[in-house]
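Novice:
There are 2 protein chains.
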Amino acid sequence: MPVPKVGQYAERSMMITPDHLEAFARLSGDRNPAHFDDSFARGIGFDGRIAHGAVTASLLSAVLGMDLPGPGSIFLEQRIRFTKPVYPGDRITARLAVAKVREDKPIVTLSAVVTKADGTRVAEGELVVLVREPATA
Amino acid sequence: MPVPKVGQYAERSMMITPDHLEAFARLSGDRNPAHFDDSFARGIGFDGRIAHGAVTASLLSAVLGMDLPGPGSIFLEQRIRFTKPVYPGDRITARLAVAKVREDKPIVTLSAVVTKADGTRVAEGELVVLVREPATA
Numbered sequence: 004m005p006v007p008k009v010g011q012y013a014e015r016s017m018m019i020t021p022d023h024l025e026a027f028a029r030l031s032g033d034r035n036p037a038h039f040d041d042s043f044a045r046g047i048g049f050d051g052r053i054a055h056g057a058v059t060a061s062l063l064s065a066v067l068g069m070d071l072p073g074p075g076s077i078f079l080e081q082r083i084r085f086t087k088p089v090y091p092g093d094r095i096t097a098r099l100a101v102a103k104v105r106e107d108k109p110i111v112t113l114s115a116v117v118t119k120a121d122g123t124r125v126a127e128g129e130l131v132v133l134v135r136e137p138a139t140a
Numbered sequence: 004m005p006v007p008k009v010g011q012y013a014e015r016s017m018m019i020t021p022d023h024l025e026a027f028a029r030l031s032g033d034r035n036p037a038h039f040d041d042s043f044a045r046g047i048g049f050d051g052r053i054a055h056g057a058v059t060a061s062l063l064s065a066v067l068g069m070d071l072p073g074p075g076s077i078f079l080e081q082r083i084r085f086t087k088p089v090y091p092g093d094r095i096t097a098r099l100a101v102a103k104v105r106e107d108k109p110i111v112t113l114s115a116v117v118t119k120a121d122g123t124r125v126a127e128g129e130l131v132v133l134v135r136e137p138a139t140a
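Chains as they are written, first to last, in our numbering: chain A, 4 to 140; chain B, 4 to 140.
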């Protein structure tokens, strides 16, 4: 996998469903009622239960590992701000763009934006990855 | 849920298994072979397939949503550096400690450290959360 160039980008979309929230809770143990109890979530100011921020961020991991830079990308750092709630039923799109490539090492900084179908930005930030090419025989 | 005080801390541990990696891949779509193919992972310098960084970070989400600050915590920001690989079979512990509480708003900054059983630090960073108390009738 070649090291990507500044300006390259890739994106993926997915519909967030209650199944995603349940799968993340089983994986992590995070059963915060903000994500599972509509009336609790309304009591703290939302329109109903919201997705875990980590579920939203998971789509960034998929773009990174599958598309850009792709297989062999190793996460070094993530800085993500969650700017608006994501509700089950929302379709989100995660977009990564290459912002910087180090000259001395295959370390790439990507800008990350996650939006809803209506254009609302729900998360944004930066990811730093190491791009390793498989050794050849 | 009261706003926590500087110095409070909480931690959770879990054994990372191939099931966690598969569950995260199903959830996110991230099937980077670094996480599923031992020989690919060895080809890029690891001892075998490694956990997604997001799987390691998921345990921080659980401490946050369940323990400290606990239910009602809403993720505003995460800054995490992944410092060493985590392999299936590793037991990891995620520890959060309250580093700062804003005076004007219930916004809390927590320092985050994830270690393996042998003490190796595999991730570290900071989380910023909003602490909302349920409205009472």
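From the three backbone atoms N, C-alpha and C, an ideal C-beta is built for every residue, glycine too.
In this text the structure is predicted, and so the values were computed from the model without any measurement.
Taking P137(A) as the query, report the chain B residues whose CB atoms sit under 7 Å from its CB, ordered along the chain.
Specialist: Neighbours of P137(A) on chain B, chain order: F43, G46 and I47.
Novice: Could you tell me the boundaries of the alpha helix (DSSP H) in which A43(B) lies?
Specialist: Position check: residue 43(B) holds Phe in this sequence, whereas Ala was assumed. It spans D41 to G46 - the alpha helix (DSSP H) in which F43(B) sits, taken as one unbroken run.
Novice: So that I know if they touch, is there some Cβ in chain B lying closer than 8 Å to that of I95(A)?
Specialist: Answer no: the Cβ-Cβ gap between I95(A) and chain B never drops below 8 Å.
Novice: Terminal residues of the continuous alpha helix (DSSP H) containing F27(B)?
Specialist: Taken as a continuous stretch (DSSP letters only), the alpha helix (DSSP H) holding F27(B) covers P21 to S31.
Novice: In angstroms, rounded to a whole number, what distance separates the CA positions of G32(B) and D93(B)?
Specialist: Their Cα atoms are separated by approximately 23 Å.
Novice: So which residues on chain A does D33(B) lean against when the C-beta distance must stay under 8 Å?
Specialist: Chain A residues near D33(B): S61, S64, A65, L67, G68 and M69.
Novice: To the nearest angstrom, report how far apart R15(A) and V9(B) are at their CA atoms.
Specialist: Cα to Cα, R15(A) sits roughly 39 Å from V9(B).
Novice: Comparing the C-beta of I77(B) with each C-beta of chain A, is any distance below 8 Å?
Specialist: Yes, because at least one Cβ of chain A sits closer than 8 Å to the Cβ of I77(B).
Novice: Determine the direct distance from the alpha carbon of T96(B) to that of A120(B), and round the result to whole angstroms.
Specialist: Using only the alpha carbons, I get a separation of about 7 Å.
Novice: Can you give the beta carbon distance from V132(A) to L79(A), rounded, assuming they're within the 8 Å contact cut?
Specialist: That belief holds up - the Cβ atoms of V132(A) and L79(A) are roughly 6 Å apart, short of 8 Å.
Novice: Can you tell me whether P21(B) is buried or exposed? The criterion is at least 16 other CB atoms within 10 Å of its CB, across all chains shown.
Specialist: Result: exposed.
Novice: Can you look up A140(A) in the DSSP assignment and give me helix, strand or coil?
Specialist: With a pLDDT of 44 at A140(A), under the threshold of 50, the predicted position of this residue should be treated as unreliable, and no value is reported.
Novice: Is any beta-carbon of chain B found at less than 8 Å from that of E80(A)?
Specialist: So, interface residue.
Novice: Note down the Cα distance separating R82(B) from V116(B), rounded to an integer number of angstroms.
Specialist: Each residue's Cα considered, the two are about 11 Å apart.
Novice: Find the nearest neighbour of P72(A) within the set A26(A), T112(A), G128(A) and A44(A), judged by alpha-carbon distance.
Specialist: Looking at the Cα atoms, T112(A) is the closest of the given residues.
Novice: By how many angstroms is the C-alpha of L62(B) removed from the C-alpha of I53(A)?
Specialist: I53(A) and L62(B): Cα-Cα distance of roughly 18 Å.
Novice: Could you tell me whether any Cβ in chain B is nearer than 8 Å to the Cβ of G92(A)?
Specialist: False, the Cβ-Cβ gap to chain B never drops below 8 Å.
Novice: How long is the line joining the alpha carbons of P91(A) and D107(A), rounded to whole angstroms?
Specialist: The straight-line gap from Cα to Cα measures roughly 43 Å.
Novice: Between which two residues does the beta strand (DSSP E) containing V125(A) stretch?
Specialist: Start and end: R124 to V134.
Novice: Just tell me which of G122(A), G68(A) and G56(A) has its CA closest to the CA of G68(B).
Specialist: Out of G122(A), G68(A) and G56(A), G56(A) has the C-alpha closest to the C-alpha of G68(B).
Novice: In chain A, what lies closer than 8 Å to P84(B) by C-beta?
Specialist: The amino acid occupying residue 84(B) in the given sequence is Arg; Pro does not appear at that position. Residues of chain A passing the Cβ test: L79 and E80.
Novice: Looking at chain A, is there any beta carbon in it that lies within less than 8 Å of the beta carbon of G56(B)?
Specialist: Yes, G56(B) counts as interfacial toward chain A.
Novice: Which residue from F49(A), G46(A), H38(A) and A65(A) puts its Cα closest to that of L30(B)?
Specialist: It is A65(A).
Novice: Does V9(A) come out as helix, strand or coil in the three-state DSSP assignment?
Specialist: Reduced to three states, the DSSP call for V9(A) is coil.
Novice: According to DSSP, simplified to helix, strand and coil, what is V101(B)?
Specialist: In this structure, V101(B) counts as strand in the three-state DSSP scheme.
Novice: Using DSSP's beta-bridge definition, name the partner residues of S64(A).
Specialist: For S64(A), which the question treats as bridged, DSSP gives no partner whatsoever.
Novice: With a threshold of 16 other CB atoms inside 10 Å of the CB of M18(A), please say whether the residue is buried or exposed.
Specialist: That one is exposed.
Novice: Of the residues P36(A), P74(A), T86(A) and F43(A), which one's Cα is nearest the Cα of R124(A)?
Specialist: It is T86(A).
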